[in-house]
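Number of protein chains: 2
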Amino acid sequence: MSQDGAGIHLETSLGYLLKEASSALRTAMEDVLRPLGMTVTRYSCLELLAQRPGLSNSELARGTFVTRQSMNVLLQALEREGLVTRPPEAPVGKVLPTRLTPTGRKALEKATVAVRSVELRMLAGLTDDEQAQALRILRSMVRSLQA
Amino acid sequence: MSQDGAGIHLETSLGYLLKEASSALRTAMEDVLRPLGMTVTRYSCLELLAQRPGLSNSELARGTFVTRQSMNVLLQALEREGLVTRPPEAPVGKVLPTRLTPTGRKALEKATVAVRSVELRMLAGLTDDEQAQALRILRSMVRSLQA
DNA sequence: TGACTCATGTCAGTATTCTGACATACCGTG
DNA sequence: CACGGTATGTCAGAATACTGACATGAGTCA
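Top line first, the protein sequences correspond to chains A and B. Residue numbering for the first sequence follows full-length UniProt numbering, starting at 1 and increasing by one per position. Residue numbering for the second sequence follows full-length UniProt numbering, starting at 1 and increasing by one per position.
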């Protein structure tokens, strides 16, 4: 079972568990978003846009942890479907500020409810203190990794 | 900055932070594995195989959080390159037990060193207590999500 | 035994994301 | 002002992962 030595202990590896938790969260989100005709990436983009209107393609990409090329094709699709709008010309530089349309806001609302239910389920067994701890610890990990 | 109401607070959302941490970890792993001609998925597969020899395609898929179809093409590649072996015929049922070859073990060793350095960096700012806490909390999240 | 359910390995096609590349616009320093 | 460095939007092609589908083998139950 626990043959020590060279490998990395999967059972006690924070990295492995991080991946597992992230994967479980993504799957759970997909499950609740699918009936709404929404995907995780699209939702992430819309939610980000709702909180910070006018974000550019590159900024959205960084906020959703994909490349700006991927975000670009996503935005083109969202634009075609009328969920977001971008001005035909950049007001300044090359940056195109993106905004939600009423349709996009509508779609996001339903998705947010679904996602919130998932997040609540995820946090069900945790006290407020533990949640705060988790926040602090995860932030520390991100900081260390990016350094 | 903090326009409350409909959305999910990104700054304080454990879900978002989980994704961010997982993404940062993956990027950091890719960075150290690339010089070795290794990818994260391949490493995960080999590491799993080192700890639990004889795992089947489907079991490896579950352990690395991909579909069994994806794992299958990965295994075929690893087999072609001589890093793993599978018997031509299933000893029992359809399950093909997979094993590392000496070449595979060799490749894994270097990768493990690299990955361990990343994991150590990630945990740099955390006490042992905090690491144990994180483990406990993440496990709770996974359990709640899968329920 | 036979029927049913479930899990597995695998093929094929699709979808998504990435890497590479290019032109362009800002911004600092000399 | 000129210029190198950096960031952006976008196109194209490659890599990767996924969904759908099928045949097969194991286990269960009547």
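Every residue, glycine too, gets a C-beta built ideally from N, C-alpha and C.
Can you pull the chain B residues whose beta carbon is under 7 Å from the beta carbon of residue i, in chain order?
| i | result |
| --- | --- |
| A/Glu130 | Ile137 |
| A/Leu36 | Correct list: empty, because the minimum Cβ distance to chain B is about 15 Å. |
| A/Leu25 | Gly15, Leu18 and Leu145 |
Find the residues of chain B that neighbour residue i, judging by a C-beta separation of less than 8 Å, and give them in chain order.
| i | result |
| --- | --- |
| A/Arg116 | Ile8 |
Residues of chain A with CB under 9 Å from residue i, in chain order?
| i | result |
| --- | --- |
| B/Gln133 | Glu130, Gln133, Ala134 and Ile137 |
| B/Leu33 | What B/Leu33 touches in chain A: nothing, since even the nearest Cβ is about 13 Å away. |
| B/Asp90 | According to the sequence provided, residue 90 of chain B is Ala. The question's Asp does not apply to it. Chain A residues near B/Ala90: none, gap ~25 Å exceeds 9 Å. |
Identify whether residue i lies in helix, strand or coil by the three-state DSSP scheme.
| i | result |
| --- | --- |
| B/Val92 | strand |
| B/Arg62 | helix |
| A/Thr103 | helix |
| A/Thr112 | helix |
| B/Thr27 | helix |
| A/Thr41 | helix |
Mark residue i as exposed unless 16 or more other C-beta atoms lie within 10 angstroms of its C-beta, in which case mark it buried.
| i | result |
| --- | --- |
| B/Gly82 | exposed |
| A/Lys19 | buried |
| A/Gly93 | exposed |
| residue 150 of chain A | Here chain A has residues from 1 to 147 only, and residue 150 of chain A is not among them. |
| A/Gln146 | exposed |
| A/Val73 | exposed |
| B/Ala124 | exposed |
What does residue i touch in chain B if you count any residue whose Cβ is under 9 Å from its own?
| i | result |
| --- | --- |
| A/Arg121 | Ser144, Leu145 and Ala147 |
| A/Leu55 | By Cβ distance, chain B contributes nothing, its closest Cβ being about 12 Å from A/Leu55, past 9 Å. |
| A/Ala107 | By Cβ distance, chain B contributes nothing, its closest Cβ being about 12 Å from A/Ala107, past 9 Å. |
| A/Ala28 | Leu145 and Gln146 |
Skipping 5 residues on each side, what residues in its chain have a beta carbon closer than 8 Å to that of residue i?
| i | result |
| --- | --- |
| A/Ser2 | Low local confidence applies: a pLDDT of 34 at A/Ser2 is under 50, so the model's placement there is unreliable, and no value is given. |
| A/Leu33 | Thr39, Val40, Tyr43, Ala111, Ala114 and Val115 |
| B/Leu138 | none |
| B/Tyr16 | Ile8 and Leu10 |
| A/Leu25 | Val118 and Met122 |
Between residue i and residue j, what straight-line distance do the alpha-carbon atoms span, to the nearest angstrom?
| i | j | result |
| --- | --- | --- |
| B/Val113 | B/Arg42 | 15 Å |
| A/Leu78 | B/Met122 | 36 Å |
| A/Leu55 | B/Ser140 | 35 Å |
| A/Gly63 | B/Ala90 | 46 Å |
| A/Arg86 | A/Thr27 | 31 Å |
| A/Ala132 | B/Met38 | 36 Å |
| A/Leu120 | A/Leu126 | 10 Å |
| B/Pro53 | A/Ser13 | 19 Å |
| A/Val142 | B/Pro88 | 44 Å |
| B/Asp31 | A/Ser58 | 21 Å |
| B/Asp128 | B/Ser23 | 23 Å |
| B/Arg80 | A/Arg80 | 43 Å |
| B/Ala134 | A/Leu135 | 10 Å |
| B/Lys106 | A/Ala107 | 51 Å |
| B/Glu47 | B/Glu130 | 25 Å |
| B/Ala21 | B/Gln51 | 25 Å |
| A/Cys45 | B/Cys45 | 31 Å |
Residues of chain A with CB under 8 Å from residue i, in chain order?
| i | result |
| --- | --- |
| B/Leu126 | Ile137, Ser140 and Met141 |
| B/Ser70 | None at all; the shortest Cβ gap to chain A is about 13 Å. |
| B/Ser13 | Glu119 |
Spatial neighbours of residue i within its chain, please: C-beta separation below 7 Å, excluding the five flanking residues on both sides.
| i | result |
| --- | --- |
| A/Val84 | Leu49, Leu75, Leu78, Thr98, Arg99, Leu100, Thr101 and Gly104 |
| A/Met29 | Val40, Val115 and Val118 |
| B/Pro35 | none |
| B/Arg68 | Asn57, Ser58 and Ala61 |
| B/Val95 | Ser56 |
Go through its chain and collect everything with a Cβ distance to residue i's Cβ below 6 Å, but skip five positions before and after it.
| i | result |
| --- | --- |
| B/Ser70 | none |
| A/Ser144 | none |
| A/Val66 | none |
Strictly below 7 Å CB to CB, what residues from chain A border residue i?
| i | result |
| --- | --- |
| B/Lys19 | Ser22 and Phe65 |
| B/Glu59 | The contacting residues do not exist; B/Glu59 stays about 13 Å from chain A at best. |
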